[in-house]
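Start counting the sequence shown at 120; every next residue gets the next number (the numbering used here). Glycine included, C-beta positions come from ideal geometry on N, C-alpha and C. The model shown is predicted, which means the values in this text are computed figures rather than measured ones. Inspection log for the structure reproduced underneath, given as structure tokens.
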Amino acid sequence: MYNKIILVGNLTREGETKFLPNAAEIYKNAIATTHKYKKQDGTMQEEVCFLDFNCFGGQASVCAKYLRKGSKVLLEGRLVFEQWDAQDGTKRSKHALRVETMKMLDSKDSSNGQANQAPQQGQYNPNPPVQYERQNTVPDIDVDSDSIPF
């Protein structure tokens, strides 16, 4: 059997981090995706789909640290059917995405405008902007053309 889901969309809320009894970290959130299509009368229609998802372990801590409401992400995983007993005693269930791969699609500058934002005078900036220089150096390799086998 094959169960593979790939979604690209935006997070609908701030994520929630919990720890399981075995100390494993779990990150829970929801993603919204849209599909646009043309109806028979020629008007455009937009269909929105919301789906809860879960990340575990190291991926959960990365999500908790970097993802915010509105972040654009690509999620890849499998669809699971979750069941539980509600506080009122009723049985509840829902489908959710168990994430195997997560990719952040926002640019560094657009992460809620906080990535490279300079602090105002008198404010402490715990994450100062870092400038990196790209070095395009390729080592010189001396190769004798007679030693190449082709």
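With 16 or more other Cβ atoms from the protein chains shown falling within 10 Å of its own Cβ, V192 counts as buried. Cα atoms of L130 and K155: separation of roughly 19 angstroms, rounded to the nearest angstrom.
Between M120 and R197, the alpha-carbon positions lie close to 12 angstroms from each other.
A straight line joining the alpha-carbon of D204 with that of K213 spans about 12 angstroms.
Using a C-beta cut-off of 8 angstroms, the stretch 173-180 makes contact with the stretch 134-146, since at least three inter-stretch Cβ pairs fall below that distance. Counting every other CB atom within 10 Å of its CB across the protein chains shown gives G128 a total of 16 or more, marking it as buried. Taking each of C168, K123, R211 in turn and checking the Cα distance to I150, the smallest one comes out for C168. With respect to L186, T152 sits apart: the two C-beta atoms are not nearer than 8 angstroms. Boundaries cannot be given for Q206, as no alpha helix (DSSP H) includes it and DSSP labels it neither H nor E. DSSP, read as helix, strand or coil, puts Y185 in helix.
Distance from the CA atom of K158 to the CA atom of K188, rounded to whole angstroms, is 31 angstroms. Residues A215, R217 of the same chain have their beta carbon placed closer than 6 angstroms to that of V199, with the five preceding and five following residues left out of the count.
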